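Protein chains in written order, with our numbering: chain P, 1044 to 1165; chain L, 8 to 114.
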């Protein structure tokens, strides 16, 4: 069964840091691009970062650029999101998701984790 | 950056109705669009990719159309389990961008 499980969320003070993990199973993790998406309480989905299959290419949304870093360890089937200089408006559920194909199939993010809650508050 | 404007933000319809949700892109983006369904407290679920290709296992009452800048998701024969929020996602260029969402309520 294809599965993604996020971990690492929690309560952190403004200005603090957290590292989220997304552990994959049931598929050849190292051949699929991955993304992080977040959802603030009562709000819509927001794409925040993406990484290519081999980790050589990364992209970020403007609100997190310079503060968040996406990375992956294909030997451990794990995706990471290092979050620094956290702000109250970073409070959200953070989801990881995989592309549905190694090439083509635009928009096909076919497997999502259950999400991990990050709360930034003093 | 390509922004997606989704409408309506909410709608209410009866079982058996046909409903259509629209996403408009700020720039031409081929067919590089996905549609997702999200129920409260759950992760999003892929319905449609490449603007019109139905994901395996998704009921055929869901369909997608469009290319360029204008895209639609249609739910024919609306069912009670279709009560959810629906989002489009442009996957043409980074940064990717979701539409604002459409909450579908069953009367």
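No residue lacks a Cβ here, since even glycine has one placed at the ideal position from N, Cα and C. None of the values given here were measured: they were computed from a predicted structure.
Cβ pair residue i, residue j closer than 8 Å
i	j	result
residue 32(L)	residue 92(L)	no
residue 1062(P)	residue 1148(P)	no
residue 117(L)	residue 53(L)	Only positions 8 to 114 of chain L appear in the structure, and residue 117(L) is not among them; the question remains open.
residue 1049(P)	residue 1152(P)	no
residue 80(L)	residue 28(L)	yes
residue 1055(P)	residue 1129(P)	yes
residue 1065(P)	residue 1088(P)	no
residue 1045(P)	residue 1069(P)	yes
residue 1161(P)	residue 1135(P)	yes
residue 109(L)	residue 44(L)	no
residue 1094(P)	residue 1115(P)	yes
residue 1076(P)	residue 1096(P)	yes
residue 1102(P)	residue 102(L)	yes
residue 1159(P)	residue 1085(P)	no
residue 39(L)	residue 1098(P)	no
residue 19(L)	residue 88(L)	no
Residue-level contact to chain P via CB, residue i, 8 Å cutoff
i	result
residue 73(L)	no
residue 18(L)	no
residue 32(L)	no
residue 87(L)	no
residue 77(L)	no
residue 93(L)	no
residue 47(L)	no
residue 24(L)	no
residue 84(L)	no
residue 51(L)	yes
residue 102(L)	yes
residue 80(L)	no
Cutoff 8 Å: residue i Cβ touching any chain L Cβ
i	result
residue 1072(P)	no
residue 1051(P)	no
residue 1079(P)	no
residue 1158(P)	yes
residue 1067(P)	no
residue 1151(P)	yes
- Task: Scan the segment 1129 to 1148 of chain P for residues whose Cβ lies nearer than 7 Å to a Cβ of chain L and list them as they occur along the chain.
- Result: From the segment 1129 to 1148 of chain P, only 1138, 1143 and 1148 have a Cβ closer than 7 Å to chain L.
- Task: Pull out every residue of the segment 55 to 71 of chain L whose Cβ sits closer than 9 Å to any Cβ of chain P, in chain order.
- Result: Residues 55, 56, 57, 58, 60, 62 and 63.
- Segments of 4+ residues assigned as alpha helix (DSSP H) that fall wholly inside the segment 14 to 47 of chain L: Entirely contained in the segment 14 to 47 of chain L, not one alpha helix (DSSP H) run reaches 4 residues.
- Query: With contact counted as at least three CB pairs below 8 Å, one residue from each stretch, are the segment 1090 to 1102 of chain P and the segment 91 to 110 of chain L in contact?
  - Reply: Note that the segment 1090 to 1102 of chain P touches the segment 91 to 110 of chain L; at least 3 beta-carbon pairs, one per stretch, sit closer than 8 Å.
- Query: Hey, which unbroken runs of the beta strand (DSSP E) at 3 residues or more fall wholly within the segment 1083 to 1135 of chain P?
  - Reply: Fully enclosed beta strand (DSSP E) runs of 3 or longer: 1088 to 1094, 1101 to 1103, 1111 to 1116 and 1121 to 1126.
- Query: Relative to chain A, which residues along the segment 1082 to 1095 of chain P have a C-beta separation below 8 Å, given in chain order?
  - Reply: Within the model displayed, chain A is absent; protein chains P and L are what it includes.
- Short-range partners of chain L found in the segment 1095 to 1124 of chain P, where Cβ spacing is below 8 Å: Those would be 1102, 1103, 1104 and 1105, in chain order.
- Query: With a cut-off of 8 Å, do at least 3 Cβ pairs link the segment 11 to 23 of chain L to the segment 1109 to 1124 of chain P?
  - Reply: With the rule of 3 Cβ pairs closer than 8 Å, the segment 11 to 23 of chain L does not count as touching the segment 1109 to 1124 of chain P.
- Query: Which residue spans inside the segment 36 to 111 of chain L form an unbroken beta strand (DSSP E) run of at least 3?
  - Reply: The segment 36 to 111 of chain L contains these whole beta strand (DSSP E) runs: 40 to 45, 52 to 56, 69 to 74, 77 to 82 and 91 to 97.
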